[in-house]
Structure formats: C-alpha cells, structure tokens
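The structure appears right after this line, and notes come after that.
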Amino acid sequence: MLAILGIVACNNDKPATEATAPTFDNLIPKPVMVKADAGLFSLSDSTVITIAPGNPELLKIANYMADVFKPAMGFALQIDSVTRASNSIALGLVNDSSLTGEGYEIKISANGVVINAYKPAGIFYGVQTIRQLLPAAIGKNSLQPGPWPIATGTIRDYPEYAMRGSMLDVARHFFGTDDVKRYINFLAYYKMNTLHLHLSDDQGWRIEIKKWPRLTEYGSTSQVGGGKGGFYTQEQYKDLVQYAADRFITVIPEIDMPGHTNAALASYPELNCNEKDKNPKLYSGIEVGFSTFCTKNEKVYQFINDVLTELTALTPGPYLHIGGDESHATKKEDYIPFVNRVQTLAKKQGKLVIGWDEIALSTLQPNSIAQYWADSANSKNAVKQGAKILMSPANRAYMDMQYDSTSKLGLHWAAYIEVDEAYNWNPATLVSGIERKDIIGVEAPLWTETIVTMNDIEYMAFPRLPGYAEIGWSPATGRNWDEYKVRLGNHAAQMKAMDIDYYPSKLVNWKE
Ligand code: TNX
63 MLAILGIVAC NNDKPATEAT APTFDNLIPK PVMVKADAGL FSLSDSTVIT IAPGNPELLK
123 IANYMADVFK PAMGFALQID SVTRASNSIA LGLVNDSSLT GEGYEIKISA NGVVINAYKP
183 AGIFYGVQTI RQLLPAAIGK NSLQPGPWPI ATGTIRDYPE YAMRGSMLDV ARHFFGTDDV
243 KRYINFLAYY KMNTLHLHLS DDQGWRIEIK KWPRLTEYGS TSQVGGGKGG FYTQEQYKDL
303 VQYAADRFIT VIPEIDMPGH TNAALASYPE LNCNEKDKNP KLYSGIEVGF STFCTKNEKV
363 YQFINDVLTE LTALTPGPYL HIGGDESHAT KKEDYIPFVN RVQTLAKKQG KLVIGWDEIA
423 LSTLQPNSIA QYWADSANSK NAVKQGAKIL MSPANRAYMD MQYDSTSKLG LHWAAYIEVD
483 EAYNWNPATL VSGIERKDII GVEAPLWTET IVTMNDIEYM AFPRLPGYAE IGWSPATGRN
543 WDEYKVRLGN HAAQMKAMDI DYYPSKLVNW KE
C-alpha cells in the first residue's frame with residue numbers, strides 16, 4: 063500500500079481515482095494533531111454507524127452522516143446502538159473536557175472508525191473530517207462506484223477561535239432558501255459555526271415582520287440593478303435557522319441601522335425626520351451612507367423594538383447584529399444615543415449585541431462584540447470597554463473584493479485579495495492593539511452588490527472561504543501559505559465533486 067501511495071504522490075498525471083489515495087495530508091482546516099499509520103479501512107454497505115442508546119443528538123448526527131454519504135454510495139449506512147468489534151463507525155461522547163466543546167478525536171484502524179468528543183458539536187466536526195478523508199467522489203450527488211477507503215491513524219483536533227463564520231448579504235441581492243442552505247453546507251464542511259445574515263439595507267428588507275407588513279410588501283421588492291428582490295417569510299427563516307442549527311451553525315441576524323435603512327424608510331416614511339425625505343423611493347444603486355432613521359422620533363424605537371421582538375422569537379442564538387456602519391447621514395451626537403438605546407432594546411430581549419466597529423463610539427453593554435472591518439481606533443475603543451472583537455478586516459477577509467484587476471465580479475475599494483493574501487494573516491497580530499485575548503473569532507463577509515447568482519457566490523467564496531475557516535480553526539503557529547496551497551490544490555477534486563464554481567487562481571496547482 064505504501065508503495066502505491068508513494069507512486070501516486072510523485073506522479074501528477076495519474077487519473078483522479080488514484081490521486082485520491084487515502085491520506086491525512088489534505089484536511090482543511092488543518093487539524094491540531096495528526097498521526098497517520100500505514101493501514102486502510104474501507105466503508106462498505108455492511109459498515110454500521112454505532113451510537114450509545116438514548117442520545118438523540120448523536121442519533122441526529124448519525125443520520126446526517128448516513129444522508130451525506132448516501133447519494134454517492136447509493137445506500138444509507140445502517141445505524142445501531144450495539145457496538146461492533148469491526149466494520150463500524152462508532153460515535154461517542156467522552157468525559158474529556160480538554161477536547162473543548164467543539165473538539166474531537168478520531169481513531170481509524172483496519173477495524174473501523176471511532177469518533178469521540180466531549181460534546182455533540184465535536185462529533186459533527188469529526189464527521190466533517192471523515193468526509194474529507196474519503197475519496198473526493200463521496201461529495202458527488204450521484205451514484206459512484208467506490209471503493210471508499212480511509213487512511214488509518216489518529217487525529218486530535220479542536221478550534222483556536224470560538225466564532226468562525228461568514229456573512230451573506232441577502233439585501234443587495236436576494237438569495238432564496240435553497241441557495242442559503244447550500245451556503246450553510248459549505249460552512250459546515252469547513253467547520254465554521256456562524257452564519258451572519260445581512261437582512262436589511264438600503265436596497266431591500268428581507269425578513270417578514272408581522273407588525274410592520276409593508277417592510278416586505280413594499281420594502282423587499284427591490285435590489286441592486288432593479289431586480290424583483292424577495293424576502294423570507296418567518297416560516298422560511300425559522301426553517302433556515304433550524305437547518306443551520308442541525309449543522310451546529312448559529313444564525314446571527316443583522317438589521318442594519320440607523321444608516322443603510324432606505325428600504326425601511328421607503329416602506330414607512332414616518333421613520334424619516336425631514337419633511338422633504340418623507341417620500342423616499344426604493345433604491346437599486348450601490349451608494350452607501352445616505353439614509354438614516356430619525357433618531358429623535360419615538361416611533362423609530364417602537365419600530366425597532368417590534369422588529370427585535372419578532373426577530374428574537376425566531377432566533378434561538380444569543381446574538382442580534384444591529385449594524386451601525388457608515389451612518390454618514392446621522393450626526394455623531396444623534397448616532398451615539400441611538401446606538402445606546404438600541405442596545406438596551408436588544409438587552410431587554412435577552413440578546414447580546416454585535417455591531418460593526420463604529421458601535422464602539424457608544425457605551426457598549428457587557429459581552430458585546432464589535433466587528434472590526436476598517437477602523438482600528440474604534441476596535442481598540444471597543445476592547446477598552448471590555449468588548450470582544452470579531453475580525454473581518456476588509457482588506458483581507460472581504461470576499462466581495464476582487465482577486466485581481468481582471469476579476470469580473472466584485473469591488474476593490476479595500477484591496478485586491480488573491481488567495482494567498484486571503485490566507486496569509488494572523489488575526490492576533492494583524493492590528494496593533496488588538497490581541498489574541500481580545501478576539502472572539504473570524505468572519506468573512508460576502509457583500510453582494512455585484513453578486514447575483516449562486517455561481518457568483520461560489521466564485522467569490524471559493525477558494526478563499528476554506529482559508530478563512532482554517533484561520534479560525536487551526537493554530538497560527540502551524541500555518542503557512544506554501545504548505546496550505548498544496549492542500550488547497552488537492553481540494554480541487556472535492557470542490558469539483560460538489561459542483562462548486564471556484565476561481566482557479568494561478569497561485570495554486572489545482573488537482574481536479
Ligand atoms: C462597506 S463593510 C460596507 C457595506 C458594503 C461593502 C462593500 C461595511 C460594514 N459596510 O455596506 O456592502 O463595503 O464592500
């Protein structure tokens with residue numbers, strides 16, 4: 063077996079089936095500890111997933127695993143609560159808190175696979191690792207011939223940062239629930255645990271609010287470029303939240319305010335201050351910073367309270383994102399009390415607040431998060447107030463930035479971000495004054511001014527998203543571009559199997 067592996071490793075011209083010979087070397091994110099040995103275990107239709115009886119969470123993960131393997135394997139692996147001496151994938155919780163809430167340990171021998179974790183999330187991430195250890199064809203949506211070998215050895219793994227995610231801007235262009243679910247699956251595959259949905263902006267309001275029906279009847283009917291827009295009904299949104307939760311992903315809903323509010327203002331003109339602004343039209347351009355709620359109008363706070371109340375009822379996660387960015391049309395002396403008041407409204411809902419780094423101009427509530435995107439002074443101010451920082455540096459982590467000057471999609475106001483630039487930074491040293499202890503995690507936002515289709519999303523997110531996932535999960539000390547780019551190149555086969563329309567950067571040797 064080793065000899066075969068050796069030959070394959072040296073010969074890039076081998077057919078794809080051989081190029082996917084079992085190895086631990088291509089995992090993204092890179093695990094904390096890997097010890098491969100020379101054996102092999104193969105999944106077959108007689109392999110059984112075993113779980114301890116009476117654990118519904120593990121049963122759910124077992125079903126999830128059987129489901130994701132089913133299209134390519136052509137059968138669903140059986141699930142049983144009786145352990146086997148061989149030919150099984152055993153999922154179990156162990157009392158080892160050193161694994162942390164999201165870590166796992168995998169032992170693979172010729173007899174089968176054991177995935178242990180301290181909490182169910184860790185089992186789920188262990189399953190993602192198994193998906194990546196199998197031949198890339200396991201990701202296909204149609205019956206494949208197999209076989210389904212996995213290298214043997216041990217992996218012990220847990221994340222560096224607690225919050226690892228992406229933002230999808232469904233306001234500039236609307237994306238339906240199937241697209242968002244596909245995106246959620248990408249996040250899960252790379253062990254990300256948060257999906258931030260940018261649900262409102264100047265161009266559209268995307269979530270049904272029953273007390274304020276014109277937000278969706280009218281405010282949702284536009285988008286950049288003049289398309290018909292769209293919105294999620296509360297039922298659809300709840301379904302998305304559940305779909306994400308089933309993949310250990312927390313949805314963070316954002317209502318951006320007091321700026322970026324034209325769609326709301328057009329739906330309810332009484333939320334504006336000036337008489338001359340009382341008939342705002344729907345907007346389909348891409349300017350920012352021209353709209354603002356009337357921060358001195360009590361009705362505005364009634365509105366926000368109603369929106370946050372309904373959103374809270376739909377969102378089990380701990381966070382509400384209140385935006386707060388680029389409020390150029392709001393005077394600073396109005397912005398600060400506004401953000402303070404909105405924070406108290408969120409707190410009343412029992413939620414913690416996240417906002418773009420500008421919210422640090424106000425007085426932050428305990429356990430708030432400021433999302434660093436551009437202004438280090440704001441972020442340091444947030445740290446001084448005891449807040450944590452979510453790192454989304456625009457010139458590194460904005461997936462709407464063009465790769466280079468030839469990219470057909472994207473903007474470049476912050477930077478051109480090639481795949482190496484996207485990967486090659488350390489959240490804990492990027493901004494002086496923001497240290498490891500201040501940082502809760504990493505988020506890669508995808509703004510959609512120029513992004514219209516799911517293919518567009520994929521082209522901008524891939525291949526950068528796996529790198530952001532690794533920055534969030536793997537210790538910085540073990541990361542370097544030259545080593546990573548080989549693993550990334552080997553993920554081409556997996557991206558292709560999953561039909562992901564990725565940007566084939568010249569910096570990487572893609573091995574489809
Ligand atoms: C800045 S980043 C914005 C967004 C735009 C984005 C485009 C931030 C908090 N605000 O409104 O969509 O640039 O790259």
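Residue numbers (the working numbering): 63 to 574.
Beta carbons: idealized from backbone N, C-alpha and C, even for Gly.
In this text, all values refer to a predicted model and were calculated from it rather than measured experimentally.
I need the boundaries of the beta strand (DSSP E) containing residue i, first residue and last residue.
i: Ser171; result: Tyr166 to Ser171
i: Arg309; result: Here Arg309 belongs to no beta strand (DSSP E), and DSSP marks it neither H nor E.
i: Arg403; result: Element bounds for Arg403: not the beta strand (DSSP E) but the alpha helix (DSSP H), Lys394 to Lys410.
i: Gly503; result: Ile501 to Leu508
i: Gly385; result: Tyr381 to Gly385
i: Leu452; result: Lys450 to Met453
i: Leu230; result: Met225 to Asp231
i: Tyr434; result: Ile431 to Tyr434
i: Asp561; result: Premise fails: Asp561 is in no beta strand (DSSP E) and is neither H nor E.
i: Ile141; result: Gln140 to Asp142
Tell me residue i's beta-bridge partners as DSSP assigns them.
i: Lys358; result: According to DSSP, which records beta bridges pairwise, Lys358 is partnered with nothing at all.
i: Leu153; result: Ile113 and Ile177
i: Pro211; result: Ser104
i: Trp267; result: Ser262
i: Pro566; result: Note: Pro566 sits in no beta bridge, so no partner.
i: Lys97; result: Thr216
Quick check: residue i and residue j, are their CB atoms within less than 8 Å of each other?
i: Gly472; j: Thr512; result: yes
i: Val286; j: Leu302; result: no
i: Ile416; j: Tyr465; result: no
i: Thr239; j: Gln296; result: no
i: Met254; j: Arg226; result: yes
i: Glu577; j: Leu261; result: Residue 577 lies beyond the stretch modelled for the chain, which goes from 63 to 574, so this question has no answer here.
i: Ala152; j: Thr162; result: no
i: Asn149; j: Ser108; result: yes
i: Met33; j: Asp462; result: In the structure displayed, the chain extends from 63 to 574; residue 33 sits before or after that span and is not available.
i: Ser430; j: Asn402; result: no
i: Gly165; j: Ala179; result: yes
i: Ala506; j: Ser454; result: yes
i: Asp500; j: Lys450; result: yes
i: Glu480; j: Ala490; result: no
i: Met131; j: Leu120; result: A small correction: the amino acid at residue 131 is Phe; Met does not occupy that position in the sequence shown. Contact flag unset, no.
With hydrogens ignored, establish whether the beta-carbon of residue i is closer than 7 Å to any heavy atom of ligand 1.
i: Leu473; result: yes
i: Tyr345; result: no
i: Ala456; result: yes
i: His235; result: no
i: Trp274; result: no
i: Glu497; result: no
i: Val415; result: no
i: Glu511; result: yes
i: Asp301; result: no
i: Asp462; result: yes
i: Val232; result: no
i: Trp418; result: yes
Determine the closest residue to residue i out of the options, with distance taken between C-alpha atoms.
i: Ile185; options: Ala213, Pro211 and Ile217; result: Ile217
i: Phe400; options: Thr357, Val445 and Ala199; result: Thr357
i: Pro84; options: Asp107, Leu195 and Ala147; result: Leu195
i: Ala555; options: Tyr220, Tyr294, Gly379 and Glu574; result: Glu574
i: Ala436; options: Ala422, Gln427, Gly227 and Val369; result: Ala422
i: Gln265; options: His322, Lys394 and Met463; result: His322
i: Ile141; options: Ser159, Leu161, Val156 and Asn117; result: Asn117
i: Tyr530; options: Asp518, Phe237 and Leu452; result: Leu452
i: Leu249; options: Cys335, Phe524, Glu316 and Pro537; result: Phe524
i: Asp478; options: Tyr485, Ser467 and Asn486; result: It should be noted that the sequence gives Tyr, not Asp, for residue 478. For the residues Tyr485, Ser467 and Asn486, the minimum Cα distance to Tyr478 belongs to Ser467.
i: Trp487; options: Ile533, Ala456 and Pro528; result: Ile533
i: Gly575; options: Ile348, Asn571, Ser329 and Ile502; result: Residue coverage of the chain in this structure runs from 63 to 574, which leaves residue 575 outside it and unanswerable.
i: Leu102; options: Asn440, Phe86 and Ala114; result: Phe86
Since residue i is in the alpha helix (DSSP H), which residue starts that stretch and which ends it?
i: Val242; result: Thr239 to Tyr251
i: Leu414; result: From DSSP, Leu414 is part of no alpha helix (DSSP H) but of the beta strand (DSSP E) over Leu414 to Trp418.
i: Gly188; result: Pro182 to Leu195
i: Ser329; result: Asn324 to Ser329
i: Lys547; result: Trp543 to Asn552
i: Gly201; result: Looking at the DSSP string, Gly201 is not in any alpha helix (DSSP H), and its letter there is neither H nor E.
i: Asp518; result: Met516 to Ala523
i: Lys92; result: Unbroken run through Lys92: none, as it is neither H nor E.
i: Ser441; result: Ser438 to Lys446
i: Lys9; result: Residue 9 cannot be examined here, being either before or after the span of the chain that is shown, 63 to 574.
i: Lys132; result: Pro118 to Met135
i: Ala422; result: Ala422 -> no alpha helix (DSSP H), and no H or E assigned at all.
i: Tyr530; result: Arg526 to Trp535
i: Asn457; result: Ala456 to Ala459
Under 7 Å from any heavy atom of ligand 3, does the C-beta of residue i make it?
i: His322; result: Ligand 3 is absent from the structure shown, which contains only ligand 1.
Compare the C-beta of residue i with all C-beta atoms of chain C and state if any pair is closer than 8 Å.
i: Pro428; result: The structure shown contains no chain C, having only a single protein chain.
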